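Input: a single structure, listed below in structure tokens.
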Amino acid sequence: MSGILIILLGFYFKLDTLAVVLVAAITTALVSGLSLADCLSLLGEAFVSNRMVTLFLLTLPMIGICERYGLKQQAVTLIERIKKLTPGKFMTLYMFIRELSGLFSVRVQGHTQFIRPLVNPMTQAAAIKVHGKLSEADEEEIKARVSATDNYGNFFAQNTFVASAGVLLIVGTLESLGYNVSAIDIAKASMPIAIITLLMVAASNMWFDRQMAKKYATSSNTGGKK
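Here our numbering is used: the first residue of the sequence shown is -17, the next is one more, and so on.
This is how it looks when you write it as structure tokens:
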């Protein structure tokens, strides 16, 4: 409970995320009866066993180089060539791809490596192609919706793969509590949730397209009268 409280306070006051999580972990370990030496030993073992996770840092300069040589512009050009593609339809398509990648455990790599350089510019291009120049507020809303779509796809579909870390953690936890479950059971139970989330996101995107069409149609009519 103390660790959760520290995390909540740290996020509320916008403190450094890594420091907050580290302090929460050490506090929880000390409260549970572990010594400081044992706690640091566990942290060290966890870092060594998961050190491959830090390889994601190599993707940052790679993305920068790709952007420098026109990756974003080529993605925008591709979207501009597709007729009748709205921002909502594109976000729904990305949601489907995100969940499909979760099903086969293909890591898309999230906001920094995929959303910012590719998905957001492509969605913005689809909106501009349909509605013309966007307001700053609409540009920011599209950024938020694209980022949220990535979060939905990652969170609700990651456990549809039987060997994902989340599935194995759930199986291990339930077995330690005396429940006889398998990874396949957890993955099957996650499937309906992923499908429902996809349908809800698709409906939300359809509503967003209609609101955008109504807004910019009204703006065009007003401009025409003037």
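By construction, the Cβ of each residue, glycine as well, lies at the ideal position given by its N, Cα and C atoms. None of these values were measured; they are calculated from a predicted model.
Contact set for residue i: own chain, Cβ-Cβ below 8 angstroms, skip 5 residues either direction
| i | result |
| --- | --- |
| Leu150 | Ala165 |
| Phe96 | Val90 and Asp132 |
| Ile124 | Pro69, Asn102, Thr105, Gln106, Ala109 and Leu116 |
| Lys208 | Confidence at Lys208 is low in this model, with a pLDDT of 45, below 50, so its placement is unreliable and the value that follows should be read with caution. Correct list: empty, nothing qualifies. |
| Val5 | Ile(-12) and Gly(-8) |
As assigned by DSSP and simplified to three states, the class of residue i
| i | result |
| --- | --- |
| Thr68 | coil |
| Ser172 | helix |
| Tyr161 | coil |
| Val90 | coil |
| Leu(-10) | helix |
| Ala11 | helix |
| Ala139 | helix |
| Lys197 | helix |
| Arg63 | coil |
Rounded straight-line distance, which links the Cα of residue j to that of residue i
| i | j | result |
| --- | --- | --- |
| Gly70 | Ser158 | 43 angstroms |
| Tyr(-6) | Ala126 | 20 angstroms |
| Thr179 | Val144 | 19 angstroms |
| Met73 | Gly114 | 18 angstroms |
| Val13 | Tyr198 | 57 angstroms |
| Pro174 | Ala130 | 20 angstroms |
| Glu27 | Lys(-4) | 28 angstroms |
| Ala1 | Ala195 | 45 angstroms |
| Leu60 | Arg98 | 16 angstroms |
Proximity of residue i and residue j at Cβ, strictly below 7 angstroms
| i | j | result |
| --- | --- | --- |
| Ala171 | Thr142 | no |
| Gly92 | Gln140 | no |
| Tyr76 | Val112 | no |
Residue environment, residue i, which counts as buried when at least 16 other CB atoms sit within 10 Å
| i | result |
| --- | --- |
| Gln106 | buried |
| Pro103 | buried |
| Asn187 | buried |
Close Cβ partners of residue i (< 6 angstroms) along its chain, the five nearest in sequence each way excluded
| i | result |
| --- | --- |
| Ile8 | Cys21 |
| Leu156 | Val163 |
Proximal residues to residue i (C-beta, below 7 angstroms), its chain only, five neighbours per side dropped
| i | result |
| --- | --- |
| Glu81 | Gly135, Ala139, Ala176 and Leu180 |
| Ser146 | Ser87 and Gln140 |
| Val58 | Pro103, Met104 and Ala107 |
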